[in-house]
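Contents: one structure, followed by commentary.
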Amino acid sequence: MASIHTTSRSAELYERASRSLATGVSSSLRRFVTQPPLYIDHADGPHFYDVDGNCRADYTLGWGPLIVGSNHAGINAAVARQLEKGYTYGCQHIAEIELAELIVDSVPGVEQVIFSNTGTEAIQSAIRIARAHTGRDKILKFEGHYHGWLNNVLVSYRPKIEDSTLPQATCGGQPAGEFSETLVLPWNDVDALKDLFQRRGQEIACVLTEPVLANSGSCMPRPGYLETLIELCREYGAVSIFDEVITGFRIALGGAREYFGVEPDLSVYGKALAGGFTMSAVGGRAEMFEVLRDMRTIHSGTYNGTSFNIVAAIETIRELRKPGTYDRMNAHGHAVAEALTTTAAKYGLDAAVSGVGTVFSVHFGVTQAPRDYRETTRTDMETYGRFREAMLANGVQLLPDARWYVGTQHDDAVLQHVIKAIETSMKETMRC
Ligand code: PMP
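Going by the working numbering, the sequence shown opens with residue 216, and the numbers climb by one from there.
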């Protein structure tokens, strides 16, 4: 593994970018991931190479999508073949059908799908379908859950705890009127859910949940929670929507449906679905899409079904379907998680890991994995920040929120490297 030099070229480029590209970055959070934001020259398999010549093992996976690594030969070849046949048609093509069939064959209970480009969009399609299906307006979501950046769902993402069941805007420019149909509850609390359904169940069009709370500490659902959520939706005629933008094709080939053995009405996919290309989808029982067939509502988008994204998704899923893939990714993730907790213990630091092998979070300063957003606020992010800086200097790129992503590209050589980096970085962190 190459050693780490400076980041001076990234700093120069950031300064240059900031003159013409507002904020210097293309997504707000990226400004704060590293100082300066890193400029990547290229990526290959599990490694990111920045413009200063640093090579790092990457556990950010582009915030999730790169589940089969960068520069993947199969994806490259399929996309190159497709590019010669055209980019986007605004018409139908065979690969679209092949991808739909592959998803239906891979995910339990998904009989039909629709395609779009980003997770944010696909969430809105799912909500619209649910509203058209039920004739109701209210959306129920949970504290700390992220469902894209639009006003009706970017609500109580990082709420003030004192009044957190009042829907709260997450940033400026979100008029309260645009989330007046959104209800918010703490997650993983069956009683709160039952109580709300008893009082307002007839008003609720849909319940939106991340099945694993990956965006806030990778909290796991309590046993039976997801089942109860789905049952309450059925009882009161609301639509259950799993936001599987992170968990889909990641925690199992069939995502949370397969992992937890449950079948919500709709699931939303993005990120890992196309291995780094721009694809999202909504899947569910065929009956759910009746509102599109009879034109009660519409689903549209110039770039829906763009050919090279579709073939990238097909190749990604084919790669993920190879025998033993998930076992290997999970074993890697568990080994990293084990290294994190045992090394922390060695240096006298409390640490707990939550989540699953392919997406997990490490929590410093606590001994129990958190179960909801409120509990995640008790973890020691300041120590994690110092640890992450040390990891970066020791050749491992991590996300700022303590979430780790694992993909098929993380082999034994990367494991040995990361374990060594954890040891060195933990020692350095505890010395400061
Ligand atoms: N849902 C979840 C669970 C996500 O994590 C994200 C993105 N982080 C989204 C939706 C939005 O997806 P996108 O950024 O592709 O719009």
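Every residue gets a Cβ at the ideal spot worked out from N, C-alpha and C, and that includes glycine.
DSSP places D259 in the strand class (E or B) of the three-state scheme.
Taking C-alpha positions only, N286 is separated from L481 by approximately 32 Å. Between the alpha carbons of W402 and W278 lies a gap of roughly 23 Å. By the neighbour-count criterion, in which a residue is buried when 16 or more other Cβ atoms sit within 10 angstroms of its Cβ, A258 is buried.
The segment 229–260 contains no complete alpha helix (DSSP H) run of 4 or more residues.
Judged by DSSP in its simplified three-state form, K353 adopts strand. Here V483 carries a strand assignment [DSSP, helix/strand/coil].
The three-state secondary structure of R618, taken from DSSP, is strand. By the neighbour-count definition (other C-beta atoms within 10 Å, threshold 16), D410 is an exposed residue. For C270, the enclosing beta strand (DSSP E) has its first and last residue at C270 to D273.
The residue from A453, V460 and G432 with its alpha-carbon nearest to that of W619 is G432.
In this structure, the ligand PMP has a non-hydrogen atom nearer than 6 Å to the beta-carbon of T333.
Of the heavy atoms belonging to the ligand PMP, at least one sits nearer than 6 Å to the Cβ of I461.
Less than 7 Å divides the Cβ of V399 from the Cβ of P382. A distance of 7 Å or more separates the beta carbons of S640 and A617. Cβ neighbours of R437 within its own chain (closer than 7 Å, five residues either side excluded): N403 and R586. For the pair of segments examined, the segment 547–564 was found not to touch the segment 523–530: the number of CB pairs separated by less than 8 Å stays below three.
In the three-state reduction of the DSSP assignment, Y451 falls in the helix class. Where A288 is concerned, the enclosing alpha helix (DSSP H) starts and stops at A288 to L298. Nearest C-alpha to N366 among S515, E396, H262 and L444: E396.
Around the beta-carbon of Y304, fewer than 16 other beta-carbon atoms lie within 10 Å, marking it exposed. Taking 8 Å as the upper bound for CB-CB distance, I456 and A345 are in contact here, some 6 Å apart. The count of Cβ pairs closer than 8 Å, one atom from the segment 324–336 and one from the segment 474–494, reaches three, so the stretches are in contact.
Rounded to whole angstroms, the gap between the alpha carbons of A453 and P251 is 46 Å.
Its chain contains A554 as the residues whose beta carbon lies nearer than 6 Å to that of I634, once the 5 sequence neighbours on both sides are disregarded; these appear in chain order. N524 is the residue among V266, N524, V248 and G498 whose C-alpha sits nearest the C-alpha of A310. Under DSSP, Y264 forms a beta bridge with H257 and C270.
Cβ-Cβ distances below 6 Å link V248 to P615 in the same chain, with the five nearest sequence neighbours on each side left out; the list follows chain order.
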